[in-house]
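With this note's numbering as the guide, the letters of the sequence shown map in order to residues 103 to 270. We treat Cβ as the ideally placed atom computed from N, Cα and C, and that holds for glycine. Nothing here was measured: the structure is a model prediction, and the numbers come from that model.
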Amino acid sequence: MPHRGLHGRPARAGTRTRRRSGRHGPRQRGARHVRGLAVELPDAARAREEKCALVQSVTAEDRPNVGLTVVFYKAIGEDKKLLRVVVPLGVLLPTGLGLKIDGEDVGNAPFLKCGKRGCVAEVVLQDEVIAKLKKGENAIFIVFDTPEAGIGIPVSLQGFTNAFSELK
103 MPHRGLHGRP
113 ARAGTRTRRR
123 SGRHGPRQRG
133 ARHVRGLAVE
143 LPDAARAREE
153 KCALVQSVTA
163 EDRPNVGLTV
173 VFYKAIGEDK
183 KLLRVVVPLG
193 VLLPTGLGLK
203 IDGEDVGNAP
213 FLKCGKRGCV
223 AEVVLQDEVI
233 AKLKKGENAI
243 FIVFDTPEAG
253 IGIPVSLQGF
263 TNAFSELK
């Protein structure tokens, strides 16, 4: 992720989450689950146009209007591994999206655009971040609804290593 740190703002860790239906990202055709991560594989006829992806959607139990969808995928025709996160409309855009893995600040990413389904942050994953994700147990994605306070939304990394190795 391009920038280090989380702007020095405190994050409220939302430790209780629930999975939610509804998704943002590649289609779910051929999906199977690996410890909470949906591994979505396109059918053979569409493999050139569609991406294989890992998808997890979570919502904070104490704030049902605050959730996110995390999508890990490889760029078509390239060896780049990408992370796309879709958050609800209404978050502060200048602060970007923060990420902690097992309590360690990894960095933040800017929001690229907002649409009907929410605001999108997307980054090319560096090998260092991928290694932390593979070793980690939990990631916390942080969004801000006010300049003073962030909302931490935990995402389990159980099964990430095995599922990530299946991305094609």
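Cutoff 6 Å; reference residue i; Cβ partners in own chain excluding five residues on either side
{"i": "Ala-211", "result": "Met-103, Gly-198, Leu-199, Ala-223 and Val-225"}
{"i": "Leu-269", "result": "Cys-154 and Lys-176"}
{"i": "Leu-227", "result": "Lys-183 and Leu-185"}
{"i": "Gly-124", "result": "The predicted model places Gly-124 with a pLDDT of 40, which falls under 50 and marks its position as unreliable; any figure quoted below should be read in that light. Excluding positions up to five away in sequence, the list is empty."}
Where residue i falls, given that 16 or more other Cβ within 10 Å makes a residue buried
{"i": "Leu-214", "result": "exposed"}
{"i": "Phe-262", "result": "buried"}
{"i": "Ile-178", "result": "exposed"}
{"i": "Ala-251", "result": "exposed"}
{"i": "Ala-233", "result": "exposed"}
{"i": "Thr-248", "result": "exposed"}
{"i": "Gly-217", "result": "exposed"}
{"i": "Gly-169", "result": "buried"}
The beta strand (DSSP E) enclosing residue i, as first and last residue numbers
{"i": "Val-168", "result": "First-last for Val-168: undefined, no H or E at that position."}
{"i": "Pro-256", "result": "252–258"}
{"i": "Arg-186", "result": "183–189"}
{"i": "Ala-223", "result": "220–226"}
{"i": "Gly-209", "result": "206–211"}
{"i": "Lys-202", "result": "199–203"}
Coil, strand or helix - residue i by DSSP
{"i": "Ile-232", "result": "helix"}
{"i": "Lys-237", "result": "helix"}
{"i": "Cys-154", "result": "coil"}
{"i": "Gly-217", "result": "strand"}
{"i": "Ile-244", "result": "strand"}
{"i": "Lys-270", "result": "coil"}
{"i": "Ala-177", "result": "coil"}
{"i": "Val-172", "result": "strand"}
{"i": "Val-160", "result": "strand"}
Range of the contiguous alpha helix (DSSP H) that encloses residue i
{"i": "Thr-263", "result": "262–267"}
Rounded Cβ spacing between residue i and residue j (contact assumed at less than 8 Å)
{"i": "Leu-201", "j": "Cys-221", "result": "That pair is no contact at about 15 Å."}
{"i": "Val-257", "j": "Phe-243", "result": "6 Å"}
Beta-carbon contacts of residue i that lie in its chain and below 7 Å, excluding the five residues immediately before and after
{"i": "Leu-259", "result": "Leu-235, Gly-238, Glu-239, Asn-240 and Ala-241"}
Cβ neighbours of residue i in the same chain (closer than 8 Å, five flanking residues each side left out)
{"i": "Ser-267", "result": "none"}
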